[in-house]
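Have a look at the structure below before the remarks.
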Amino acid sequence: MTTIRRFCCNDLLRFSSVNLDHLTETFNMSFYMTYLARWPDYFHVAQGPGNQIMGYIMGKVEGQGESWHGHVTAVTVAPEYRRQQLAKKLMNLLENVSDNIDKAYFVDLFVRASNAPAIKMYEKLGYVIYRRVLRYYSGEEDGLDMRKALSRDVEKKSIIPLKRPITPDELEYD
Amino acid sequence: MASKFGLAGGIPERKVRPIWDAIDSRQFKNALKHVTTLLAKYPNSPYVLALKALVLERMGKPEEAFSISLNAKDNLFVNDALSIDDLTLSTLQIVFQRIDRLDLATECYEHACGKFPNKMELMMGLFNCYVREYSFVKQQQTAIKMYKLAGEEKYLLWAVCSIQLQVLCGNGGDKLLVLAEGLLKKHAAAHSLHEPEAVMVYISILEQQAKFGDALEILSGKLGSLMMIEVDKLRMQGRLLAQAGDYTAAADIFQKILELCPDDWDCFLHYLGCLLEDGSIWSDEAVNDPVHPPKFISCKVSHLTDEQFDSRISIASAFIRKLQTDAFDNSIRCPYLAIIEIERRKHLRGKGNDDNLMDGIVQYFCRFGHLACFTSNVEMFFEVFTTDKKAELLEKLMTSNNRLSTPPTKTLGLSISLFKIKQQLLLGDMFKSSASDVEVSCVQMFEMYCKNLSLSKDFDPQESMHGEELLSITCNILVQLFWRTKNVGYLVEAIMVLEFGLSIRRYVPQYKILLLHLYCHFGALSVAHEWYKSLDIKNILMESMLHHILPQMLSSPLWAELNSLLKDYLKFMDDHFRESADLTYLAYHHKNYSKIVEFVQFKDRLQHSSQYLVARVETPILQLKQNADNIEEEEGILQRMKCGTDFLELSNEVGSKSLTLNEDLETRPWWTPTLEKNYLLGPFEGISYCPREILTKERETSLKRGIEKKSLLPRMIYLSIQSASSSIKEHVEVNGSVTPDITLELKILLERFAQFLGFSLGEAIEVVKGFSNGERSVVSDSNLIDWLNFTVFLNAWNLSSHELVHPDRNERKPIIWNILDSLLEKYILEKIRTTEPQLCSPWSDIQLLMQLVTEPLAWHGLVIQSCLRSCLPSNKKKKKSGSVYQSSSNLAHAITDSVQQLSLVLEDVIKWISEWNRRSEDENMEGILFLLRKDGHDDGPGRVFHILETFISSMNNAEVGDRIYHSLKSWSPADVARKIVRGKLKVLIEFSAICESKLKLLQSLKQKVAQL
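Chains as they are written, first to last, in the UniProt record's numbering: chain B, 1 to 174; chain H, 1 to 1012.
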């Protein structure tokens, strides 16, 4: 049971139950505020009855030409509200914004290669593993770049998997 | 500009490039070398000077950087126009910003804009300067000029936002909004608007003036079509219609949203509110604190006639039933919860039927009772029922639970929900039950946890397991049993249960928070601090979560740990204040206008944070505590904090400020719902539900008083030291100028301090004098430290003042001094005599003991050091002239007596601590485990622990999986007991070291007195 609305600064003081989760990073202020200042439509929060924060998604849109794409920087749901398809709702929202408002070609995200449950979830949502990024996480663990093509990429060119893994310095965007 | 002139300050780019490259790669020495070479050729170039200042600042030489940048600024003002370019200005701006002189950067840009009034780049720089300085009026004026010059929508919106800031965050009156509206209207008529964010700001300007009709017109017109997210647009429309009082149209809109998003609970509330013509939800939204929104929906008793009410309710019911039938997926809960809310509204109207309401809840339970959020979804409806009805409902829920046939994970979820309802929602019921009944359900829950571990045996260790909540509930009940019985074994048992849970999966923040508070209560603060660290609380989480540990650390002797907590937190906050304006400028730049006010308001909110102010005051106090045994170092610290004057200013201002409370109190355990409350310290009593929001106002007032009082301390300590030294020399001259009247100022502050104790100065002095006759009825644990601090400062004042009690020249010690020494002795010894050196004794007394030594005794020590220093013949500053004391010999006697008395007290404390240490760790550990051994007794703690031990010894890996099996096999309760022992001892050992250092000081003073 969810009201999904734009994330605002005050939510930063209310999201502790979500961010105490060890897999959810608490970034510095300029990181959150840069996303809010630049891509407010890509930063949404889900709120339940009693006004609790259930989870949120933050992302951005960037790229040139056919690489113009939406990017999911973080999506997270508090343990109490898991297994209710909330992440799916939040992802759909970001995909819709990328597709309909910004006319992007695809949406992508990075996930730890070891995070099997998350990879499975993204696959269920229609994402495919586009490429592997070697030692993406703190120079230790590989990351997987997963993508989902949007309506503008009629031929689904953006998601044809790369044959070889790449290194982080080969990435086009941070 | 640089490109226009071709060169920055007339210097070819290739010559400057190596400097920037070196700065970018942090090779500052190299950068300085390049810059020095270039400076030889262009000694007066503001740009090269600015570069040099930048490099110096980055090298950590702010003073030199400041002087060079001033030089650059001067040259910029005298040189011809050629040297004014954006690159020079922006480089200077960076330096000035880094050394906190934004005003100088602004002056440079103002000068440049005066020289070149039509250059957009320079004006943009100037606008940016005003944004950094929060000069909203000047921002507006600059933006208007830019708008006039370029005619762009962006600059108009910059001006409009600057106006909005004046109204919402500055001193501007509401009338300014008319101006903003006029500007937008004119522009929109001529050129329309092109950015959805511009439309949002336009609508918000109209909404703030209650011009809802005009706002609706904009939204439904051509401009409204810029809003691309349909649901957002509808929400806005519904809100405006409701505020305009057009409830029928508003209800239609919310109905539309619900058809699109049937799970949107907020929207349902708005829908129902509009149908019942109840606008309270809108007015409350404006009043409520956005960080602590109420859990419960407020609603008015409807003014509708009975017929109208019935018909609206049936419309709502029919629509919600339709949503239920149309729902395409089983996870949609809103329509089912909505039915209950509709019943609740009927109840409020006096047309309720308890059975219907219960049925709604039972149905919701059958559908969604297995979800972890079930209880929090329905808890608001329980308030409607009487105690009897609550019991009936519980009965109904249990019956339906027995009838449900579900897979094991759902069955477990349903049972947890039932337990939670019993424990949390029927609080009264739980507290009324007998201790043994409570213990039975506690045992059941723990057994259920163990039994269901197998459901998660194949889970990734990162994934939450089924039934994790059961251990939190078990712990909560064990703590309640402790409260009832005061048998500390229950606390140990609660600790064991949670440590057991964390050995199975080490990522459960709820367990860690509970443990942290349990260890604090137990006095094992260092272990509590370890668990706090394991929560990885950083950045903004510190603002909402630091409260879990900070108050306990403030009164502890773990100074290094406290120091790093305070330092990290203040650094985070101050960094944010420094960069916040730049991020606001980013929102201007990217045309996300609605974020501008939000960012500024958020910065204000953090700046007024009560926790931030507490940390600002406590940081210097900690420094003063740490260095109190060396008066020279202490004076150095006081000098660096401007002798406490800044904090005095804070104390003067804080009363008129409104403070924000940003702590997330929802994460706190039940027994300590706020930082100031701990039920476990008092006698057992049932707790009734007390909405946290009610406490907010009370907390704000008491926090303000606390900060006001605490921030007097640095100045009072400073003045006390000064006053004590002038007990020998009446007029102290420092650097040839007579110091302001210390005695008078100290008296004024004593007056203020006395007010915090609830007395006038005269009355407070009488109270202190009364102490000598044993009259201490006004003193309690909560004000003991304040009274003693007051007496310390009073004594210091009395040493230089002729006003109060003239020292009897035949007496060895002034009367207040005598009283103070006796008080310190009495209270310190009382604490150690009443606290047995046993590991399970109550900790709050020891906390107070540590405060007595590290605060009043430490400040008194400084006064003594100051007196002694002024008596010593080697003191060159000493100039006797008509002293209060005829000779220093009386004072020397006073010092000798005091030192002697306090030394004995400290020796006793040290001896008392060593008693704690006497038993071996194994013995202590056994002592703790003994609390949990049943040895044939049926009552008392240990039942859950027994199950725990039996489970570990009898489990097999096929059942619980290899991972859980191995982690539990390597886990030992004895290790936990040892951890408790070590944690507690660590705190005591730190305290002992503090006492020893003070004792050493007193001994050295004794020797010095002997020299007199």
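For every residue, glycine included, the Cβ atom is placed at its ideal position computed from N, Cα and C.
Quick caveat: nothing in here was measured; it's all calculated off a predicted structure.
Determine, for residue i, whether the minimum Cβ-Cβ distance to residues of chain H falls below 9 Å.
i	result
glutamine 84/B	yes
residue 205/B	Residue 205/B is absent from the structure shown; chain B starts at 1 and stops at 174.
isoleucine 101/B	yes
glycine 52/B	Sequence inspection shows glutamine at residue 52/B; the glycine mentioned does not correspond to that position. Yes, because at least one Cβ of chain H sits closer than 9 Å to the Cβ of glutamine 52/B.
alanine 74/B	no
serine 151/B	no
glutamate 80/B	yes
glycine 59/B	no
glycine 126/B	no
valine 111/B	no
glycine 55/B	no
Any C-beta of chain B sitting closer than 9 Å to the C-beta of residue i?
i	result
serine 503/H	no
asparagine 662/H	yes
proline 293/H	yes
isoleucine 332/H	yes
glutamate 543/H	yes
alanine 372/H	yes
serine 726/H	no
isoleucine 421/H	no
arginine 235/H	yes
aspartate 460/H	yes
For residue i, count neighbouring Cβ atoms within 10 angstroms of its own Cβ and tell me buried if that reaches 16, exposed if not.
i	result
isoleucine 160/B	exposed
valine 78/H	exposed
tyrosine 173/B	exposed
glutamate 155/B	exposed
glutamine 611/H	buried
lysine 880/H	With a pLDDT of 44 at lysine 880/H, under the threshold of 50, the predicted position of this residue should be treated as unreliable, though the coordinate-derived value follows. With fewer than 16 Cβ atoms within 10 Å of its Cβ, lysine 880/H is classed as exposed.
histidine 191/H	exposed
leucine 515/H	buried
asparagine 118/H	exposed
alanine 318/H	exposed
histidine 303/H	exposed
aspartate 85/H	buried
valine 48/H	buried
Look up residue i in the DSSP assignment and give the residues it is bridged to.
i	result
lysine 60/B	His71/B
residue 207/B	With chain B running from 1 to 174 in the structure shown, residue 207/B is simply not present.
glutamate 635/H	DSSP output for glutamate 635/H lists no bridge partner at all.
serine 609/H	Thr660/H
histidine 44/B	Arg6/B and Ile57/B
Are the Cβ atoms of residue i and residue j separated by less than 9 Å?
i	j	result
glycine 70/B	phenylalanine 106/B	yes
alanine 198/H	leucine 179/H	no
methionine 545/H	glutamate 663/H	yes
cysteine 334/H	arginine 943/H	no
histidine 370/H	threonine 411/H	yes
leucine 968/H	serine 280/H	no
leucine 622/H	glutamate 543/H	no
isoleucine 910/H	leucine 824/H	no
tyrosine 155/H	isoleucine 144/H	yes
isoleucine 99/H	alanine 65/H	yes
- request: Taking a Cβ distance cut-off of 7 Å, strictly less, list which residues of the stretch 589–611 of chain H are near chain B, in chain order.
  value: Within the stretch 589–611 of chain H, those residues whose Cβ lies closer than 7 Å to any Cβ of chain B are, in chain order, His590, Asn592, Lys595, Glu598, Phe599 and Phe602.
message: Against chain B, which members of the stretch 538–563 of chain H pass a CB distance test of less than 8 Å?
response: Flagged, chain order: Lys538, Asn539, Ile540, Leu541, Glu543, Ser544 and Met545.
- prompt: Taking Cβ-Cβ distances below 7 Å as the criterion, which residues of the stretch 252–268 of chain H are in contact with chain C?
  reply: Given the protein chain composition of this structure (B and H), no chain C is represented.
- request: With 7 Å as the limit, tell me which residues of the stretch 466–480 of chain H have their beta carbon closer than that to any beta carbon of chain B; keep them in chain order.
  value: Residues: none.
field: Contact residues within the stretch 505–516 of chain H, judged by C-beta distance below 7 Å to chain B
entry: Tyr507 and Pro509: these are the residues of the stretch 505–516 of chain H whose beta carbon lies less than 7 Å from some beta carbon of chain B, given in chain order.
message: If the cut-off is 7 Å on Cβ atoms, which residues from the stretch 637–666 of chain H count as contacting chain B, listed in chain order?
response: Per Cβ criterion, the list reads Asn662 and Asp664.
query: What residues in the stretch 15–45 of chain B bring their beta carbon closer than 8 Å to a beta carbon of chain H?
result: Listed by position along the chain: Ser16, Ser17, Asn19, Leu20, Asp21, His22, Leu23, Thr26, Phe27, Asn28, Met29, Ser30, Tyr32, Met33, Thr34, Leu36, Ala37, Arg38, Pro40 and Asp41.
- prompt: Got a sec: which bits of the stretch 575–589 of chain H sit with their beta carbon under 7 Å from any beta carbon on chain B, in order along the chain?
  reply: Here the close residues are His576, Glu579, Leu583, Leu586 and Ala587.
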